[in-house]
Amino acid sequence: MARPDQRMTTTNPTTPADPRAVRRKRLAWFGILLATTAVAAGAWAYLSNPALRHTDDAYVGGQLVQITSEMSGAVTRILADNTDWVAAGDVLVELDSTDARIELASAKAELAQAVRNVRGLFASDARSDADVHLRLAEFNKAQGDLNVKQTLISSGAVSRESLRHASDALSAAQAALASAQQARAQALALVNNSTLASNPPVQVAAERVRAAALAIERTRITAPVSGMVAQRSIQLGRRVGPGEKMMTVVPLDRLWVDANFKEIQLQGVCAGQPAKVTADIYGRSITYHGTVRGIEAGTGAAFALLPAQNATGNWIKVVQRAPVRISLDPSELIQHPLRIGMSAEVEVDTRTCDSTAAPAKRQEQSAIHDARAAAADAVVRQVIADNIGADR
């Protein structure tokens, strides 16, 4: 039987530790400590960088293009609804055009009659001009006959009665010439320095046709910009009036971010500086690269519906915030779309600042009205061309 000390030695043998395992464990702890230190140092350097301005009080903004009617009428068709994407020039709503078409038909008939009347004036002017030339030739002939007979009267080859007849013929020719010249002047006054299209009666009738054609064009309400439809409020059969809002189109490729920085953060912020934007919808995995367009003219409190009254006895100073507009890259907006009102975080790098630089003025225009005017002009030209005839 073994002794107790022998049994204990057999039951709990001591095994020396593996030096390689100990070394690996120490290296792992050292790597973790080194990585933690690097992350902490990077975070401290990032947060303590005085050139960076950061705020999470930022929201996506954009244009709200209201679609309104330019005339009264009943809605007969609706071709777009909320969340639909429309292109500039697409028809969104159609109004009843019956009255406008009746007015256009009447205006066309009036213009056609005016064109034909003016054609008659030009023809009358041509006839009066030919008549003047004819009367002038007759006058010259009578003048020549009288001169010949006056030279022959002394020789007795021509009687005095014949001379008197020649004199009477000259007087009659002179009177006829004067009458023709007066008629020519009257006819010329109606068409002088004008063409058929620029003649006043034709212009008056043409303007009526143009107005009627524009009225028909305005019954087709089109999108002035490309974007997404929102806030539709119109329904079929409803009668709308001029200026009544029917829906909104939001151009999602022209969005921006309004970053509300504290006033103590605005020092050094100026137009043209680069900015990084992250949106809550995508998280920090997607970064937009924007540019500072400028600082708004006042703080949010200054433009509030009810501005604060600070001239009171219980005044408490509150740090104000001013919106800084950040323009976004349209190509990035196409890849990662945003919506108006979404939350965002903005970081502006203020290390470069050119106080004299100003962002380019953004000019916007729609070709819809020019297209409508061109269509109305085409209607006028067609009516005139149809009634000019062969003597055009």
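Residue numbers (the numbering used here): 1 to 392.
Every residue gets a Cβ at the ideal spot worked out from N, C-alpha and C, and that includes glycine.
Since the model is a prediction, treat every value here as computed from it, not as a measurement.
Among the options, the one whose alpha carbon lies nearest that of residue i
| i | options | result |
| --- | --- | --- |
| residue 380 | 361, 242 and 107 | 107 |
| residue 222 | 77, 299 and 24 | 77 |
| residue 59 | 386, 374, 337 and 325 | 325 |
| residue 373 | 211, 65 and 387 | 211 |
| residue 366 | 230, 89 and 62 | 89 |
| residue 148 | 135, 166 and 133 | 166 |
| residue 318 | 21, 278, 299 and 81 | 299 |
| residue 322 | 62, 295 and 328 | 295 |
| residue 259 | 278, 249 and 241 | 278 |
| residue 320 | 168, 118, 71 and 264 | 264 |
| residue 282 | 342, 351, 162 and 31 | 342 |
| residue 135 | 170, 103, 160 and 235 | 170 |
| residue 164 | 175, 173, 150 and 237 | 150 |
| residue 240 | 257, 218 and 327 | 218 |
| residue 301 | 285, 262 and 275 | 262 |
| residue 418 | 361, 340, 208 and 350 | Any property of residue 418 remains undetermined from this structure, which presents the chain solely from 1 to 392. |
| residue 204 | 330, 364, 368 and 118 | 118 |
| residue 329 | 293, 314, 303 and 315 | 293 |
Sequence-distant residues of its chain with Cβ nearer than 7 Å to residue i (five each side left out)
| i | result |
| --- | --- |
| residue 68 | 243, 244, 245 and 246 |
| residue 353 | 268, 270 and 273 |
| residue 64 | 248 and 250 |
Per DSSP, the bridge partner or partners of residue i
| i | result |
| --- | --- |
| residue 95 | 75 |
| residue 245 | 68 |
| residue 256 | 61 and 327 |
| residue 344 | 58 and 279 |
| residue 409 | Because the chain here runs from 1 to 392, residue 409 falls outside it and cannot be looked at. |
| residue 262 | 321 |
| residue 86 | 227 |
| residue 380 | Residue 380 is not bridged to any residue. |
| residue 289 | 276 |
| residue 294 | 325 |
| residue 240 | 73 |
| residue 250 | 228 |
Same chain, Cβ closer than 6 Å to residue i, neighbours up to 5 away in sequence not counted
| i | result |
| --- | --- |
| residue 332 | 288 |
| residue 56 | 345 |
| residue 388 | none |
Closer than 7 Å: residue i CB and nearest the ligand PLP heavy atom
| i | result |
| --- | --- |
| residue 281 | The model depicted lacks the ligand PLP and carries no ligand whatsoever. |
Cβ shell of residue i (< 8 Å), same chain only, five flanking positions each side left out
| i | result |
| --- | --- |
| residue 384 | 111, 115, 196, 197, 202 and 206 |
| residue 79 | 90, 91, 92, 93 and 94 |
| residue 87 | 223 and 226 |
| residue 233 | 245, 246 and 247 |
In chain order, each alpha helix (DSSP H) run of at least 4 residues that lies wholly inside the segment 305-336 | Taking only runs of at least 4 residues, the alpha helix (DSSP H) segments lying wholly in the segment 305-336 are 330-335.
Give a yes or no on contact between the segment 103-117 and the segment 134-141, applying the rule of three or more CB pairs nearer than 8 Å.
-> No: the two stretches stay apart, fewer than three of their Cβ pairs being nearer than 8 Å.
Using 8 Å as the Cβ pair cut-off and three pairs as the minimum, do the segment 305-314 and the segment 15-35 touch?
-> When C-beta atoms of the segment 305-314 are compared with those of the segment 15-35, fewer than three pairs fall below 8 Å, so the two segments do not count as touching.
Quick check: the segment 220-237 against the segment 250-262, are there 3 or more CB pairs under 8 Å?
-> Short answer: they touch.
Which full runs of the beta strand (DSSP E) of 3+ residues lie inside the segment 185-235, going along the chain?
-> If we require 3 residues or more, the beta strand (DSSP E) runs fully inside the segment 185-235 come out as 220-222 and 227-230.
Taking contact to mean at least 3 C-beta pairs separated by less than 8 Å, is the segment 288-308 in contact with the segment 86-96?
-> No, the segment 288-308 is not in contact with the segment 86-96.
How about the segment 178-187 and the segment 119-133: do they share at least three Cβ pairs that are nearer than 8 Å?
-> At 8 Å Cβ cutoff, the stretches touch.
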